[in-house]
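What follows is a set of notes on a single structure, which appears directly below.
Protein chains in written order, with my numbering: chain A, 1 to 436; chain B, 1001 to 1185; chain C, 2001 to 2224.
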């Protein structure tokens, strides 16, 4: 069978940098579901960007080698021109949506194809039906999973033979993951080819027809070897209670289950998207005030304590590390006023961070490690983590989890949310189900 | 050196995001401006924050037309509150573009300083003149519109805030360059 | 929210016609010399206001006009006071009526059909879509400051480094991602303009009403 995509001897380097990809060869048959894994910064997203035409057009850099779709050479085509051969779903789907309602959004893409009005309506209705999307819902009312389905609907409506997805499972709960997987499998059964770049390999492996990983710039068959090996010993919780909640509720939702978390404990909050896990962390950190119930941190009622004061004992690492980076260098971010310099140096080393770099120049994985380091530098008694494992390769994740393990063995209390099952296994965390 | 090629999609998008910053600056400062009864106070409070985004836009896009490209959508959107705001924003933008076209754009720090200065001076002085004209017409009183006691302090303050906005903007430009996030080649 | 029939009708009027009417009303507001003609214009605008979702600042405007009117009585006669109050209303009302009765998508589509430069139209589209996101980003950054023990309200000198710099980094990064996003959706700034919307019955009725309004205003203005 004639391959759909052929990549020959692809090498890519960013400006004045060593190559990120070296001599990559890849052949993809129609109807295949291809998984590409790899560590953070290994170059797997760069490979997807090269296929989509995003690199080097939008990233700068130099590309050599051949990228071909059937007998069409794609190298000289921009992102938009490649759109007739391949559809792309970016990691942050928000940046692919431009209107207010689902119908308008589908129209936006189809009008860009200059379709005749009758064909446009027909194509739009088919896409809405196939992806089970309501007609006139506002985009702002859609969940992350629904937005992703909408972008998929928009992309699929254009009818390209190849679909490229960049970490589509990153922010999805298990149910949304299953829905997305079912959809992708269905597309491959109709002859469409799907290439997925993903960290959460356990989700895709069983359905993928081919698995690859990028290591040291080269595309290799199979999955990368696991880095996290031995789980941490079970935490030795102490009698002192760090967190105690009674009938805690926010807004119109029913109260959360009452929590009692001891010093040194590790607690994983689990629940579907929108179940209120993040809100619970925001309540615990004082960012939002409960509308009902009582919250005690280290025996103190937090009702009258401001967030800024509570921050001396409670640290929260947000889902998006970009919101938490303020300094002009990594070193400055960790060496905050009042932080023990020896401890700050240890954190820099343990998290494998380059001290002189500008925080915003780091990779996403490094930024997450830095945000965690900046919180731990202040030596909080309670550390709250919101989905910080997203986008982390095993090696980077391992660095963070080891440090967090030590944090709890030295008396810190850890509460986190994560969709990643290996995190719970490794941390030996007590799982609390949240369903709001 | 001046970029001579035509506007690209990424330029339009960058300008739109700078416009968002300018709108946010207006949202933050206008409630405060409303309670201070000084002609031109809106611009005086708005300029240092808006100047950051204007300077950044000038640094990235550099070409003549940049100021209008950034402020055009702002003017159109604020025109939904009142079309007079569109004029107040865009006439000074046009004046700035005409003057800066003589030096072919915003490719250096000095040119960006002048761009800011001209724009905010024109906005403040235009605002003061407009307010005085409106008030004298409404109240039927005879106050000279070109009153140096009004224009000199307003012009000086506008110069100061424009300079502050430019200085803060250049600081952000330097940080973005250090982080490798701003290609102004 | 369910709208009553005339409000539904007014939402169907072509946004371009509403824009032209807004500019016309503004020109009249600045140009009319008699308070009776101005009253006809404001009366029409107030009727349109009934078709608009409630404007939260109307109460404040009323109070301001009463206060302003009281002050004005020291400077001018009652006709002058009436004219000034009506003029202010005629200047302030048209644009919110347009904005409140036009879905943003219709407005953008209308701007696209009048062949405004692509940069301006795309700018409006992107601002409409992404300004709420950028605002949300600024709220998250504000909160992140609180989480490190810094309340920016109490430390305004840190607002630049603590809020603006990280926010600008986010905006620059969004700008790059949105450019790619637009291209992946097939958007081409050089593509031909979209065709104008078909003329509807609501447009004819609106034009007729505006015609009647103009004739009435002209009558009052020139007969006095």
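Glycine included, every Cβ here is placed at the ideal spot set by N, Cα and C.
- Counting only Cβ-Cβ distances below 7 Å, residue 360 of chain A has contacts in chain B at 1179, 1181, in chain order.
- Residue nearest to residue 1015 of chain B within the set B:1084, B:1088, B:1087, B:1056 is B:1056 (criterion: CA-CA distance).
- By the rule that beta-carbons nearer than 7 Å mark a contact, residue 1082 of chain B touches chain C.
- 7 Å or more divides the Cβ of residue 2086 of chain C from the Cβ of residue 2019 of chain C.
- Counted as a single uninterrupted DSSP element, the beta strand (DSSP E) harbouring residue 11 of chain A occupies residues 5-13.
- Separation of the CB atoms of residue 1012 of chain B and residue 2119 of chain C is rounded to 5 Å, and the pair is thereby assigned contact status at 8 Å.
- Note on geometry: alpha-carbon atoms of residue 201 of chain A and residue 165 of chain A lie some 14 Å from one another.
- Unbroken alpha helix (DSSP H) runs of no fewer than 4 residues, entirely contained in the segment 2156-2220 of chain C, are found at 2165-2184, following chain order.
- In this structure, residue 151 of chain A places its C-beta atom within 7 Å of the C-beta atom of residue 93 of chain A.
- According to the DSSP assignment, residue 297 of chain A belongs to the beta strand (DSSP E) that extends over 292-297.
- Against chain A, the beta carbon of residue 1175 of chain B has neighbours under 9 Å at 328, 358, 360, listed in chain order.
- Pairing residue 1154 of chain B with residue 1173 of chain B gives a Cβ-Cβ distance that is not under 7 Å.
- Proximity to residue 236 of chain A across A:300, A:330, A:427 peaks at A:427, based on C-alpha coordinates.
- In the structure shown, residue 403 of chain A falls within a helical segment according to DSSP collapsed to helix, strand and coil.
- By the neighbour-count definition (other C-beta atoms within 10 Å, threshold 16), residue 222 of chain A is an exposed residue.
- Per DSSP, the unbroken alpha helix (DSSP H) holding residue 1092 of chain B starts and ends at 1083-1101.
- The residue among A:55, A:263, A:321 with its C-alpha nearest the C-alpha of residue 298 of chain A is A:263.
- Spanning the alpha carbons of residue 1112 of chain B and residue 1082 of chain B requires a straight line of approximately 29 Å.
- Rounded to whole angstroms, residue 29 of chain A and residue 354 of chain A show a C-alpha spacing of 41 Å.
- If you draw a 10 Å sphere on the C-beta of residue 119 of chain A, you find fewer than 16 other C-beta atoms in it, and that means exposed.
- Taking residue 137 of chain A as the centre and dropping the five residues before and after it, the same chain places the C-beta of 102 closer than 6 Å to its C-beta, in chain order.
- The beta-bridge partner set that DSSP reports for residue 1013 of chain B is empty.
- Within chain C, the C-beta atoms nearer than 7 Å to that of residue 1073 of chain B come from 2120, 2123, 2124, 2127, in chain order.
- For the segment 108-137 of chain A, the beta-carbon criterion of a distance under 8 Å to any beta-carbon of chain C is satisfied by 108, 109, 111, 112, 113, 114.
- Under the three-state reduction of DSSP output, residue 218 of chain A falls in the strand class.
- Residue environment: residue 2075 of chain C is assigned as exposed (fewer than 16 neighbouring CB atoms within 10 Å of its CB, all protein chains considered).
- Rounded to the nearest whole angstrom, the CA to CA distance from residue 251 of chain A to residue 257 of chain A is 15 Å.
- Around the Cβ of residue 1 of chain A, a 10 Å sphere holds fewer than 16 other Cβ atoms; the residue is exposed.
- Within the segment 257-320 of chain A, the complete alpha helix (DSSP H) runs of at least 4 residues fall at 277-285, 307-310.
- According to DSSP, residue pairing for residue 38 of chain A in a beta bridge involves A:214.
- No Cβ of chain C is located within less than 7 Å of the beta carbon of residue 1106 of chain B.
- In the three-state reduction of the DSSP assignment, residue 197 of chain A falls in the strand class, which pools E and B.
- Counting the other Cβ atoms within 10 Å of the Cβ of residue 352 of chain A gives fewer than 16, which makes it exposed.
- Following the DSSP letters along the chain, one finds residue 415 of chain A inside the beta strand (DSSP E) bounded by residues 413-417.
- Residues are counted here when their Cβ sits less than 8 Å from a Cβ of chain B; for the segment 2153-2165 of chain C these are 2160, 2164, 2165, given in chain order.
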